[in-house]
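Take a look at the structure below.
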Amino acid sequence: MMPASLFARTHSTSSAQIAGAFWASQDLLRRERGELARYGAPLPTLLSPAPVRAGYVVFDDAGFDFCGHGNNEVDGARAFLFLILDKQREAQDIIAWAPQLNRLSAWLNRAWMLAQEAA
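Numbering (the working numbering), first residue to last: 358 to 476.
Written out as C-alpha cells, the structure is:
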C-alpha cells in the first residue's frame, strides 16, 4: 500500500501549496543534470527562477501524486519536476516527467504544456 502523500491533490490547491510542494522536492542529482543535458535541456532551463527539481511520484489515470514519507524510493518512480507559472508568476501546476517510464503528467491538470507560462 502507498503511504499517504504529504501534499494532497485537490481542485482547491492554492498557488502557495503548489509552490510548497515543488520546493519541498529534491535538487537534481549530478547524474540527472547530465541526463537532462543529453535530452537537450538548455542550461537556462536548469537555472531559471523555477529550476527543474526531482522527486518520487506515482502515476495514475488522473496524472500523478507525490509519494509519502517512508519507502517512497521503492513505491514510486523518480521523476523530473517542472513548476508551471502563470503570467503573474503564480504557481499553477507541477509537471512530472519520468523518461524511464515514458510518462509525462500534470499534478492538478491545470497545465497542459511545459511552456504554458510563456504562451
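Even for Gly, the Cβ is constructed at its ideal location relative to N, Cα and C. Predicted, not measured: the structure shown is a model, and the values here were computed from it.
{"Item": "Could you check where the beta strand (DSSP E) with tryptophan 464 kicks off and where it finishes?", "Value": "Tryptophan 464 -> no beta strand (DSSP E), and no H or E assigned at all."}
{"Item": "Out of curiosity, what's the CA-to-CA distance linking arginine 467 and aspartate 422?", "Value": "14 Å"}
{"Item": "Just list the beta strand (DSSP E) runs in the stretch 373–420, keeping only unbroken ones of 3 residues or longer that don't cross its boundaries, in chain order.", "Value": "410–417"}
{"Item": "Quick one: what does DSSP say aspartate 422 is sitting in, helix, strand or coil?", "Value": "strand"}
{"Item": "Provide the residue(s) that pair with arginine 435 in DSSP beta bridges, ordered along the chain.", "Value": "Tyr413"}
{"Item": "Applying the criterion that 16 or more other CB atoms from any shown protein chain within 10 Å of the CB defines a buried residue, is leucine 458 buried or exposed?", "Value": "exposed"}
{"Item": "Three-state secondary structure (DSSP) at aspartate 443?", "Value": "coil"}
{"Item": "Is the distance from the Cβ of glycine 412 to the Cβ of alanine 463 below 8 Å?", "Value": "no"}
{"Item": "Pull up the distance between the alpha-carbon of phenylalanine 379 and that of glycine 397, whole angstroms please.", "Value": "22 Å"}
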